[in-house]
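Contents: one structure, followed by commentary.
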Ligand code: ADP
């Protein structure tokens, strides 16, 4: 449904951002683009809604070259979610979601139903949230509203440019689950840019690995792990011993992508008991990078599993755990 044929982009300063890219994105798939910073992901994404014009080649949607579409029609039919979505601060949540349906002159009953069913889909009550202003919502909730806004007018295609990368780990997991649920129900063609391989593995029907403006490999998560096209792809997806069907507890290539299971470290909490001292929560499986980030900002974290708080972990608990591990390793070394 979206096709790139020999597409190249050279910026006016001479940078070759894309070189002869050929690619087919199928209708109804969640297609993830991933690669190192500067490899051309955003350039490629923005070519689909013509925010960036290519210098060579053809991009087609449903067989038709994109230049043949009226540009406003094209953009209204393509939802777009950015890293930090700017909701209109003076408008309510319901009005924010309804922006494109309003532009397209939907009937108000239809708009009302649409807004409420979208909020329902991500477990937000329309009566409670519809009349609030964006400022009354957390960053994660605002980003969820941004995703709903992109879907509001029922576009065929949704482009997402690192939509969750500015969020804390728990909100990020929630939004990833939202996307999977939305996709299960709506079957949109979603093109999703990320630099997080775990996110790519979790969400992607197929993943496109890019480097230096070129596509190295396109495949399902299993194909990339089992048959990487080259060393770069192998390193990127984390080596041959990963079972992508396991729930992200595998070890990834670099230490900072290693996933911790906090269940072994945390102090369990009785259901419903949430201590006031804890200000934020993290998922029970978390990467070292994310953990260090949140630990920088908070002394004590709540641990969330299956949408419930199951325990808490303090900075001291973590340090104790790590120093215990170190001692163990040293001890093992002397044996
Ligand atoms: P990614 O999204 O993978 O980080 P981009 O598509 O943003 O990569 O950028 C690809 C390459 O094009 C990079 O080398 C970047 O510096 C360059 N680039 C992006 N936008 C411009 C621009 N407006 N002018 C010149 N070079 C640009």
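Residue numbers (the numbering used here): 327 to 661.
Ideal Cβ positions, reconstructed from N, Cα and C, are used throughout, including at glycine.
Worksheet item: Between residue 407 and residue 641, what straight-line distance do the alpha-carbon atoms span, to the nearest angstrom?
Response: Translated into positions along the chain shown, residue 407 becomes position 81. Translated into positions along the chain shown, residue 641 becomes position 315. Their Cα atoms are separated by approximately 35 Å.
Discussion item. Let's see if you can read the secondary structure: which residues bound the alpha helix (DSSP H) around residue 420?
Written reply: On the chain shown, position 94 is the one that residue 420 refers to. Segment 419-423, the alpha helix (DSSP H) holding residue 420.
Item to complete: Indicate, with yes or no, if the ligand ADP has a heavy atom lying under 7 Å from the CB of residue 556.
Response: Working through the chain shown from its first residue, we reach residue 556 at position 230. No - the ligand ADP has no heavy atom lying nearer than 7 Å to the Cβ of residue 556.
Item to complete: Would you kindly check if the distance between the Cβ of residue 344 and the Cβ of residue 333 is under 8 Å?
Response: Counting from one through the chain shown, the residue named residue 333 turns up at place 7. Counting from one through the chain shown, the residue named residue 344 turns up at place 18. Cβ distance < 8 Å, so residue 333 and residue 344 count as in contact.
Item to complete: Verify the contact flag: residue 534, CB atom, against every heavy atom of the ligand ADP, threshold strictly below 7 Å.
Response: As a working note, residue 534 is residue 208 in the chain shown. Outside the cutoff, so no.
Discussion item. Suppose you measure from the CA of residue 592 to the CA of residue 371; what does that come to, to the nearest Å?
Written reply: Stepping through the chain shown from its first residue, residue 592 is reached at position 266. Stepping through the chain shown from its first residue, residue 371 is reached at position 45. Their backbone Cα atoms lie some 41 Å apart in a straight line.
Practice prompt. Can you have a look at residue 499 and say buried or exposed, based on whether 16 or more other CB atoms are within 10 angstroms of its CB?
Written response: Mapped onto the chain shown, residue 499 falls at position 173. The residue is buried, with at least 16 neighbouring Cβ atoms inside 10 Å.
Worksheet item: Going by beta carbon distance, what residues of the same chain come within less than 8 Å of residue 509, once the five residues before and after it are set aside?
Response: Stepping through the chain shown from its first residue, residue 509 is reached at position 183. Same-chain partners within the cutoff: 356 and 516.
Worksheet item: Roughly how many angstroms separate the alpha carbons of residue 410 and residue 600, rounded to a whole number?
Response: The residue given as residue 410 occupies position 84 in the chain shown. The residue given as residue 600 occupies position 274 in the chain shown. Roughly 30 Å separates the two Cα atoms.
Worksheet item: From which residue to which residue does the alpha helix (DSSP H) around residue 410 run?
Response: Counted from its first residue, the chain shown places residue 410 at position 84. Taken as a continuous stretch (DSSP letters only), residue 410 belongs to no alpha helix (DSSP H), as it is neither H nor E.
Fill in: Minimum C-alpha distance to residue 464 - residue among 419, 480, 618 and 331
By 1-based counting over the chain shown, the position of residue 464 is 138. Answer by Cα proximity: 419.
Worksheet entry | Anticipated Cβ contact below 8 Å, residue 488 with residue 521, distance rounded | On the chain shown, position 162 is the one that residue 488 refers to. On the chain shown, position 195 is the one that residue 521 refers to. Yes, they are in contact, since the Cβ atoms of residue 488 and residue 521 sit about 7 Å apart, within 8 Å.
Worksheet entry | Own chain partners of residue 490 with C-beta closer than 6 Å, once the 5 adjacent residues on each side are dropped | One-based indexing of the chain shown puts residue 490 at position 164. Contacts found: 498 and 501.
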